[in-house]
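See structure below.
In the numbering used here, the protein residues as written are 6 to 182.
Structure follows, in structure tokens:
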């Protein structure tokens, strides 16, 4: 009898844990390379969000764990943006808009990072390139979900260049959790 009770308990535990595992799988960001983004921009222009980070940056890791795991942000970025994760200290060569960028020992960073931040290197930096492929808009520092919601909807809903950001921010009502 005890053996039957024990086996029943094991069966119930297995069913409970398997039902937890069958919950909705979490969506992930569709990270792309700069080359992939450039090709996609020709077909379907969208704003580009570049997460500029370094391996040693603590706040970059906080953003990875707290900001870039928010499901509402992930869904919005995957729908409205092309997203790139770019190590500012990469020794790889990058091409953007027909220009090549390589590691620059003077800055201890890749020249693409220098270009994207207008020479104001700070980590993390979130860079938005508007859908018209105009100049990069760098935002230095750790951004929480509420900050990203405001910034990404400003660019994702094509308010950039039409409505001053300060006016947009004053009227914006946060909806993401």
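Where is the CB? At the ideal position from N, CA and C, for every residue including glycine.
Bear in mind the structure is a predicted one, so any value in this text is a computation, not a measurement.
- CA-CA distance, residue 73 to residue 63, rounds to 15 angstroms.
- The beta carbon of residue 96 sits closer than 6 angstroms to the beta carbons of 108 from its chain, once the five residues preceding and following it are set aside; these are given in chain order.
- Within the model, the alpha-carbon separation for residue 61 versus residue 49 is close to 35 angstroms.
- The segment 42 to 56 and the segment 86 to 104 touch, with three or more beta-carbon pairs separated by less than 8 angstroms.
- Considering only 80, 67 and 124, the residue with the shortest C-alpha distance to residue 35 is 80.
- When DSSP assignments are scanned along the segment 26 to 106, the uninterrupted stretches of beta strand (DSSP E) that are 3 or more residues long and fall wholly within it turn out to be 53 to 58, 87 to 92, 99 to 101 and 104 to 106.
- In this structure, residue 86 lies away from residue 39, with their beta-carbon atoms at least 8 angstroms apart.
- Between the alpha carbons of residue 59 and residue 171 lies a gap of roughly 30 angstroms.
- Using a Cβ distance threshold of 8 angstroms, residue 57 and residue 91 count as a contacting pair.
- The alpha helix (DSSP H) runs lying completely inside the segment 136 to 181 and spanning 4 residues or more are 150 to 161 and 170 to 176, given in chain order.
- For residue 131, the enclosing beta strand (DSSP E) has its first and last residue at 130 to 134.
- DSSP, read as helix, strand or coil, puts residue 108 in strand.
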